[in-house]
Structures are given as C-alpha cells and as structure tokens.
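See below for the structure under consideration.
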Amino acid sequence: MYSIDDYDLKILTLLQANGRLTNQELSELVGLSASQCSRRRIGLEQAQMILGYHARLAPEALGLGMIGLIEVRLINHLPAQVEAFHSMLGDVDAIIDAYKTTGDADYLLKVAVKDLAGLSALISQILSVHKSVAHVKTSVVLNRLKENGLLTLG
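With the UniProt record's numbering applied, the sequence shown has no gaps in its numbers, which climb one by one up to 154 at the end.
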C-alpha cells in the first residue's frame with residue numbers, strides 16, 4: 001500500500017487541477033526539486049493513485065450539449081443480468097460515467113447526448129428495452145456548477 005504524505009497530496013491536487021504541469025513547474029509549486037517531483041509522480045502513477053492524464057472537454061465541443069442523469073433499477077441481480085448490463089455500459093458511448101449505488105436505484109448514469117431527441121432515443125431504444133433493466137428515472141442537467149472538483153460557473 002502506498003502511503004501518501006503532504007507532498008504527494010499537494011502533487012495530486014495540483015495535477016488534478018492541471019495535468020499538464022511539467023516536473024519543473026510542479027517542483028516550484030510543491031517546494032521539492034524537479035527530480036524529487038518526478039520520482040514521486042512516477043510512484044503515484046505506479047501505485048495507481050494517478051489513473052491517467054486527460055483533456056477535459058466541454059460536451060458542446062463534441063456536439064453533445066445535453067447532459068442527463070439516469071437512475072437505473074435492474075430486474076434482478078443474477079450474475080447474467082448484471083454482466084449483460086455492465087457489458088451494455090461499455091458499448092454505449094453516450095454513457096460517460098456509471099456508478100453502482102445504494103438506495104432506490106441500482107446505478108446512476110451520466111450521459112451526454114446532442115439534444116432531447118438523442119436523450120429520448122437512448123432511453124427508449126437502449127436502456128428501457130435492455131433485458132436486465134426494470135426501471136429508469138431521468139433528470140436533465142440544467143447547469144453544470146461543479147465538475148471534477150472544479151467550479152464551472154463564477
């Protein structure tokens with residue numbers, strides 16, 4: 001198990017806000033040498049504390065201006081049904097995040113689609129007719145206030 005200290009936590013926090021920081025820039029912000037920051041970053045990557053570096057795109061840049069949150073309840077939790085649902089999650093590009101949850105819903109899905117017609121099609125042609133799905137409840141996101149730990153509105 002990798003033990004995170006204050007320097008590692010600061011590195012993780014800074015990289016979460018800006019994954020493009022060089023080791024030199026990171027070292028100046030953290031207060032360590034560039035080589036120490038590099039070793040720590042590599043250690044954090046190897047310990048899978050850093051899972052990757054990505055460009056965070058606005059959904060609109062991809063023509064996906066509508067975000068929906070969909071609660072899904074499965075018919076049952078037999079392994080074949082759960083596996084079929086999980087497989088479908090990987091096949092549908094519009095599903096950008098999926099969480100197994102407690103409470104009334106078994107899963108919460110975050111989806112990005114072009115428009116209301118796209119959301120309707122996703123629900124009626126894929127989710128509602130899937131053999132493992134018993135119920136869906138959909139909410140449309142009106143404004144994104146905070147994503148990935150960062151405020152999106154001033």
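Every residue gets a Cβ at the ideal spot worked out from N, C-alpha and C, and that includes glycine.
For clarity, every value in this text was computed on a predicted model and none was experimentally measured.
Query raised in the report: With 16 other CB atoms within 10 Å as the buried threshold, where does V72 fall?
Result: Translated into positions along the sequence shown, residue 72 becomes position 72. Answer is buried; the Cβ neighbour count reaches 16.
Query - Bridge partners - D97, DSSP secondary structure assignment - result: Sequence index remark: in the sequence shown, residue 97 carries index 97 (1-based). Checking the DSSP bridge columns, you'll see D97 partnered with K110.
Query - Euclidean distance between Cα positions of T138 and D97 - result: Taking the first residue of the sequence shown as position 1, residue 138 is located at position 138. Taking the first residue of the sequence shown as position 1, residue 97 is located at position 97. Approximately 14 Å, taken between the alpha carbons.
Query raised in the report: Any idea if L62 is buried or exposed, counting beta-carbon neighbours within 10 angstroms, 16 or more meaning buried?
Result: On the sequence shown, position 62 is the one that residue 62 refers to. Label assigned to L62: exposed.
Query raised in the report: Ordered along the chain, which non-local residues of its own chain (more than five positions away) have a Cβ less than 7 Å from that of Q16?
Result: Taking the first residue of the sequence shown as position 1, residue 16 is located at position 16. For Q16, the CB contacts under 7 Å within the same chain, skipping 5 residues up- and downstream, are G149 in chain order.
Query raised in the report: Between V111 and G68, is the Cβ-Cβ spacing less than 8 Å?
Result: Translated into the one-based positions of the sequence shown, residue 111 becomes position 111. Translated into the one-based positions of the sequence shown, residue 68 becomes position 68. A contact, by the Cβ cut-off of 8 Å.
Requested in this report: Indicate the three-state DSSP secondary structure (helix, strand or coil) for L150 in the structure shown.
Outcome: Position 150 of the sequence shown holds residue 150. The three-state secondary structure of L150, taken from DSSP, is strand.
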